[in-house]
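To keep things clear, I will list the structure first and then write my remarks on it.
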Amino acid sequence: MTRTSAFGTPSRRAVLAGAAASAGLASVKPAWAQGDQPSLRDLAAARGLLFGSVAGMAPPGRLGGSLQDPAYQALLIADCGGLVAENEMKWAALRPDAERFDFDRMDQIAAFATEHDMALRGHTLLWHHPQWFPRWLTDYDYGARPAAEGERLLTEHIRGVTARYPQVVSFDVVNETVDAGTGALRETSLSRAMGQEVLDVAFHTAREAAPQARLCYNDYMSWEAGHEAHRAGVLRLLEGFRKRGVPVDALGVQSHIGSGNTDDSVGFDTAQEREWRVFLDEVVGMGFDLEITEFDVHDKNLPLDFEVRDRAVADLAERYLDLMLDYPQTRTVMLWGLADHYSWLQGLWPRADGAAKRPTPWDAAFKPKPLRAAIERSLTRAKPR
Ligand code: 9MR
Numbered sequence: 002m003t004r005t006s007a008f009g010t011p012s013r014r015a016v017l018a019g020a021a022a023s024a025g026l027a028s029v030k031p032a033w034a035q036g037d038q039p040s041l042r043d044l045a046a047a048r049g050l051l052f053g054s055v056a057g058m059a060p061p062g063r064l065g066g067s068l069q070d071p072a073y074q075a076l077l078i079a080d081c082g083g084l085v086a087e088n089e090m091k092w093a094a095l096r097p098d099a100e101r102f103d104f105d106r107m108d109q110i111a112a113f114a115t116e117h118d119m120a121l122r123g124h125t126l127l128w129h130h131p132q133w134f135p136r137w138l139t140d141y142d143y144g145a146r147p148a149a150e151g152e153r154l155l156t157e158h159i160r161g162v163t164a165r166y167p168q169v170v171s172f173d174v175v176n177e178t179v180d181a182g183t184g185a186l187r188e189t190s191l192s193r194a195m196g197q198e199v200l201d202v203a204f205h206t207a208r209e210a211a212p213q214a215r216l217c218y219n220d221y222m223s224w225e226a227g228h229e230a231h232r233a234g235v236l237r238l239l240e241g242f243r244k245r246g247v248p249v250d251a252l253g254v255q256s257h258i259g260s261g262n263t264d265d266s267v268g269f270d271t272a273q274e275r276e277w278r279v280f281l282d283e284v285v286g287m288g289f290d291l292e293i294t295e296f297d298v299h300d301k302n303l304p305l306d307f308e309v310r311d312r313a314v315a316d317l318a319e320r321y322l323d324l325m326l327d328y329p330q331t332r333t334v335m336l337w338g339l340a341d342h343y344s345w346l347q348g349l350w351p352r353a354d355g356a357a358k359r360p361t362p363w364d365a366a367f368k369p370k371p372l373r374a375a376i377e378r379s380l381t382r383a384k385p386r
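Residue numbers (the working numbering): 2 to 386.
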């Protein structure tokens, strides 16, 4: 009998085993994989890379609710070796207050990953950005000894989450703490209580509590005009980590590429590529690995025509991924969405023509687009690591 997961989908292992048995083959693609394309998961794995995507447990049909959709689940099972929760591991989701954890929705995501033999990424132990703190944490009364109370709260959180999910292969320990405009470190209630040591404490605690996991600093700096201070701030932060012996293994390069939020071009010309390599060379020169953690291609400023738009998205993606995978230090490629209608980009920065965006490899009818083929080509070209 085919084993069924808690989500009602047959597990990958069961499907693969069943198909292999009936066809008499060692490795067979599941029936719902696209055409005769090899799975991106297997292509990546053969090169020592982890390929996967985000999914979320928001109510069915909503942005953030992709894991509730059986068609989206099928894509994950067919093509992804890794899974990351879109929101469910954040403080805002896990922590109703200072005393309690609510692991319910995150547990369901973790269970899906286990059912389908997917590696789980952890996003994020500390999104150190005031906008994304839960209200209670912003207003928290740290008492007479704020540094000690901040440390207690933070370490308890990190120990709680890492103990609950010991299978996590890689954690975004700290997310987006460099101010994109100035390059300075952001302030939160925690940093006001503990000082910027809060970041070091987060990494030390994660290393101690999850020695099996790679520890990343994750951010969205890019080559775009206006990102110079952001890149410089991230380099300063990484340098400081190294000098102080803070256990950070990799830089998570979010990779929300395409139309910038500030810069309306969709460029990645030769000069920008050079600029980007200078940044990456500095990062790997300090001994950090790279992870692509949230890849998608914003098409806000591309023409309406699907053929033209999808081609431009795919071309940019292929050049970018080729460059990133040229670094043997890049071990992970995670997408921030597989199907267009679940992309967070639908909810922000509308296109001038009001049309839906097309930033992911599958369209809203779950038909693969040129972006999927571009990713496949890039993974195929990647040297084994
Ligand atoms: O995609 C996520 C969206 O559903 C949430 O509303 C938002 C706030 O929690 O976060 C989005 O994910 C972000 C990620 O956690 C960090 N990097 C940027 C991502 C896109 O905004």
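Note that CB positions come from ideal geometry on N, CA and C, so glycine has one too.
None of the values given here were measured: they were computed from a predicted structure.
- Looking at the DSSP output, His-299 shares a beta bridge with Gly-259.
- In the assembly as shown, Pro-351 is an exposed residue. Its beta-carbon has fewer than 16 other beta-carbons within 10 Å.
- In this structure, Asp-311 is the residue among Asp-311, Phe-204, Val-202 with its C-alpha nearest to the C-alpha of Asp-364.
- Counting C-beta atoms within 10 angstroms of its own C-beta, Phe-204 has 16 or more neighbours from the protein chains shown and is therefore classed as buried.
- Between the alpha carbons of Ala-99 and Lys-91 lies a distance of about 14 angstroms.
- Counting the other Cβ atoms within 10 Å of the Cβ of Phe-307 gives fewer than 16, which makes it exposed.
- As DSSP reads the structure, Leu-84 sits in a beta bridge with Ser-54, Leu-121.
- Comparing alpha-carbon positions, the option among Val-285, Asp-250, Glu-157 lying closest to Arg-101 turns out to be Glu-157.
- Annotation: Val-235 to Gln-69 spans about 35 angstroms, alpha carbon to alpha carbon.
- Distances from the CB of Asn-88 to the heavy atoms of ligand 1 include at least one below 7 angstroms.
- Separation of Gly-259 and Leu-317 (C-alpha to C-alpha, rounded to the nearest whole angstrom) is 8 angstroms.
- Pairing Leu-50 with Arg-386 gives a Cβ-Cβ distance under 8 angstroms.
- About 5 angstroms separates the beta carbons of Ala-207 and Leu-216, which is inside the 8 angstroms limit, making them a contact pair.
- Secondary structure note for Asp-142: it is in no alpha helix (DSSP H), with a DSSP letter that is neither H nor E.
- In this structure, DSSP gives Arg-48 a state outside helix and strand, which the three-state scheme calls coil.
- Between the C-alpha atoms of Gly-82 and Val-169 there is a straight-line separation of about 13 angstroms.
- Exposure of Thr-271 is indicated by the presence of fewer than 16 other C-beta atoms within 10 angstroms of its C-beta.
- Here Gln-132 is exposed. Its C-beta has fewer than 16 other C-beta atoms within 10 Å.
- In this structure, Pro-135 keeps its C-beta atom at 8 angstroms or more from the C-beta atom of Ala-194.
- With fewer than 16 neighbouring CB atoms inside 10 Å of its own CB, Ala-226 falls in the exposed class.
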